[in-house]
Amino acid sequence: MPRFLPYTAPHFSEAELLQRSQGFKTYFEQRRSLRFFSEAWVAKEVIENIIMAASSAPSGANKQPWTFCAVQDKAIKKEIRVAAEAEEYENYTARMSEEWLQDLIPFGTDWQKPFLEIAPWLIVIFKKSYDLASDGTKQKNYYVTESVGIATGMLLAAIHHAGLVALTHTPSPMNFLQKILQRPENERPFLLIPVGYPAENAVIPNIQRKTADEVIVYF
1263 MPRFLPYTAP HFSEAELLQR SQGFKTYFEQ RRSLRFFSEA WVAKEVIENI IMAASSAPSG
1323 ANKQPWTFCA VQDKAIKKEI RVAAEAEEYE NYTARMSEEW LQDLIPFGTD WQKPFLEIAP
1383 WLIVIFKKSY DLASDGTKQK NYYVTESVGI ATGMLLAAIH HAGLVALTHT PSPMNFLQKI
1443 LQRPENERPF LLIPVGYPAE NAVIPNIQRK TADEVIVYF
């Protein structure tokens, strides 16, 4: 039999709803992906709060099919950087199409990823294609990619809300992360996110986000 608990939520007036939604939108419009990090330390408790906020995300059948690896160890960050740059070198010199490379020009990126060592924390998100019971039996997970994607979005929101910056990094293929971090066979790397404060000389690309008319269709 399913078990349920009573649920209540605060009720706001129409004016309060508009004010709160506008304030949230304005604040999150300031969020940017950043490649220039300070080495300034961020407390472990802050990272844990951020991750646990993300882990409150909805998921298929509440399976919560994710693992967040929080890496502060300098030797491990170095190992991740070396492996990531090896893959990125292949991407930039052989794997990427000319169209892809042209699309990256406004961002000024290349195969070198020093931020993987400079940022005080790397959060590596793994998705669990299935769970393993204590006896080794496989247990099915549902809508894994969708669930982990939602949790990742909430992670980025929590990072910004805390006053930190991040970068979504995908040095594909990312199987080296599973090996370096010694994750089990049911976990696959989903995203690599350096987290910290922006460097004093940090810059961001001069790009524009799509307007409401371009992303919303009302019926």
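Using the numbering used here, the first residue of the sequence shown is number 1263, and each one after it goes up by one.
Glycine included, C-beta positions come from ideal geometry on N, C-alpha and C.
Contact holds between the stretch 1422 to 1437 and the stretch 1348 to 1355, because three or more Cβ pairs, one in each stretch, are under 8 Å apart.
At a cut-off of 4 residues, the continuous stretches assigned as alpha helix (DSSP H) that sit fully inside the stretch 1403 to 1427 are 1406 to 1424. Check the Cα spacing between Gly1322 and each of Thr1407, Ala1345, Gln1444: the tightest is with Thr1407. Between Leu1417 and Met1263, the alpha-carbon positions lie close to 33 Å from each other. Per DSSP, reduced to three states, the secondary structure at Gly1398 is coil, with no helix or strand assignment. Separation of the CB atoms of Trp1383 and Val1304 is rounded to 6 Å, and the pair is thereby assigned contact status at 8 Å. Of the residues assessed, Asn1463 falls on the exposed side of the cut-off, its CB having fewer than 16 other CB atoms within 10 angstroms.
In the assembly as shown, Val1465 is an exposed residue. Its beta-carbon has fewer than 16 other beta-carbons within 10 Å. Between Phe1452 and Ile1380, the C-beta spacing is not below 7 Å. The residue from Pro1368, Leu1296, Ser1275, Thr1288 with its alpha-carbon nearest to that of Phe1377 is Leu1296. Counting only runs of 3 or more residues that sit fully inside the stretch 1334 to 1390, the beta strand (DSSP E) segments are 1383 to 1390, in chain order. Of the candidates His1422, Val1386, Ile1342, Thr1430, the residue whose Cα lies closest to the Cα of Phe1330 is Val1386.
Between Tyr1392 and Asn1448, the C-beta gap is smaller than 7 Å, which places the two residues in contact.
Secondary structure remark: continuous beta strand (DSSP E) runs of at least 3 residues inside the stretch 1301 to 1336, in chain order: 1328 to 1333. CA-CA distance, Val1333 to Arg1445, rounds to 13 Å.
Counting along the chain, Phe1452 sits inside the beta strand (DSSP E) bounded by residues 1449 to 1458.
The three-state reading of DSSP puts Ser1275 in coil, since its state is none of H, G, I, E or B.
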